[in-house]
Structure formats: C-alpha cells, structure tokens
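Count along the sequence shown starting at 1, add 29, and that's the number in our numbering. Below is one structure; the comments refer to it alone.
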Amino acid sequence: MKKFTKLAVAAVSGAWLAMMTTASFAESTMEKIVRTGEMTIAVQTQGPPVSFINKDGKRTGLAVELAQMMADDMGVKLVVQDYDWKGLIPSLLSGKADFIAADMTPTAKRSMQVVFTEPVFYSETIAFAMKDSGYTSWRDLNVAGISVGATQASSWADIARAKISNAELKEFAGGTAQTVQALTSGRINAGVSDKATIAGFMSSIEGLVVLDGDISREPLGFAVRPDSTHLLFALDNYMGLIRADGRLDEKLEYWWNTTNWEADHK
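Okay, structure coming up:
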C-alpha cells in the first residue's frame, strides 16, 4: 500500500511539474508580436474620430494613429481588425487581437474579463437630439414615454440606464452612427454618446444639437488579456513616453479636443 501511495504521489508530482514547465514556456503576447513582426488590434471602425474609414477609403482615427505610431516605433507591422462594439472583448479573449484600441471605459464588469491600461484620454458623456425636439438638457429626457438610443453594450448605454432610467433605452449595434441614424429617422427621441464623437456628426447633420450638461466624465483606455502583462506595461510606458514628448497631446488636440480632423478626412 505504501509503495502504491509513493508511486501515486510521484505520478501526480511529475504531472504537476510537466504542467508548470509547459506553462512557463508558453509564448506571451509580446513574444508573439516579436516573433511574427505583427501587432494586431481590434477596433470599431464606425466610430469617428477614434476609428473610421475616411473619404479616401483609408482606416484612420485617434486610436488607429496611436497604435500605428507605437507599431512604427517598435518596428512591427500593424494589423487592424474591425468589429461591432460588442465584439471587441470576445475578439481579444479568443486571441484574434493582441489588444483593443478603442474609447473603452474600464468598468468593473469589463475588468472581470480584461485588463485596462492607464487612462489614455477622457470622455464627457452627453445627450443629443434634434434642434426642434424641445429638449434643452439631458435631464429633460428622464421621463416615461421618451426613447433614448445608445451603442449596444457600451458604457453610454449603462449611463443612460442609470441616469435616464425613466426613459426607454434602445441599443444599436454599429456604433454611434446607427444611433444618430435612428434619431434622424424619428425612431428615437434622443441619443447618448460622447462629446467628441457627436461633434463629428454635427457639421454634416443639420439640426443635430448637444443638450446642456455633461452626464458623466469617464477615463478611456486600451485593453489586453489578463495574461498579457508585458504588453500592458509596454502600452502604459509608451503612452507615458509620447505624453512627455508632446506627441500624445498633439494627437488629442487634432482628433479628440477639436474637429480639425474633419477638413482632412470627411
């Protein structure tokens, strides 16, 4: 009996050691990037000014340019994959992308699945409507019988659900563009998004206005898988580097804080 027990313990110990050895030699995300010479990001292309296709058919935007800048400095090729908003986290967790490059809020629920970088920029969540709607403030929307739209599975939808709880919330796949389309076609009374995104629509859609007051202010960052520690540190370090040398502020001023990008890309 004792001999059997010793053999069993030895077998279990050997299996555990083999498993730990295999785990220790598992390729990290950064090692994969180095080996292949490619860094793959997941984006939501229908989301100007963060990620979109411009008038020349080129994929661009704040997140895309930041990722491209990092890839260039690393000496690797940037591969961009497009998803609906709700598909971003699944694409990351399935290994299709190395990280998510989007204006994503690090909510507690999302942090149960992925790990976020330090905030790269910040967003003011606002409500928007048509000028002749009669609404002046986002608080005017918190009434039964009013329908409010937001991107499906977004923090904007969560905020609308919490702060405009008396209104009916309708969620749309495909980003803010679909919410704006629902508004202009009369399917909803108002929408919720961020100030920078809506600024990009106001110049091309007559009568689209931002209602008074910020509903919330949120930090936004990129996201990696929980096991991508090296890549997480690299992203944080890189954002700190370009913040110090002024390149991050330059990109934010062009893409996020103003609508200067419209003259070049719309």
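Ideal placement from N, C-alpha and C gives every residue a C-beta, glycine not left out.
| Asked | Found |
| --- | --- |
| Sheet register partners of Y151 (DSSP bridge) | P248 |
| Exposure of M141, with buried meaning 16 or more beta-carbon neighbours within 10 Å | exposed |
| Supposed close pair T154, W185 - CB separation, criterion 8 Å | 6 Å |
| Contact under 9 Å by Cβ, Q181 with E200 | yes |
| Sub-9 Å separation of A158 and G220 beta-carbons | yes |
| Proximity of V79 and A126 at Cβ, strictly below 9 Å | no |
| Under 9 Å between C-beta atoms of D278 and T58 | no |
| Buried/exposed call for L95, threshold 16 Cβ in 10 Å | buried |
| In DSSP terms, what Q110 is bridged to | A71 |
| Own chain, CB closer than 8 Å to I118, minus 5 neighbours either side, in chain order | I129, R139, Q142, V143 and A252 |
| Span separating the alpha-carbon of K63 from that of L107 | The residue you asked about is not Lys; residue 63 is Val in the sequence shown. Rounded to whole angstroms, V63 to L107 spans 12 Å at the Cα level. |
| Contact under 9 Å by Cβ, G76 with T226 | yes |
| Per DSSP, the bridge partner or partners of I129 | A71 and A252 |
| Paired residues, beta bridge with D9 - DSSP | Nothing in the structure corresponds to residue 9, since the chain is present only between 30 and 295. |
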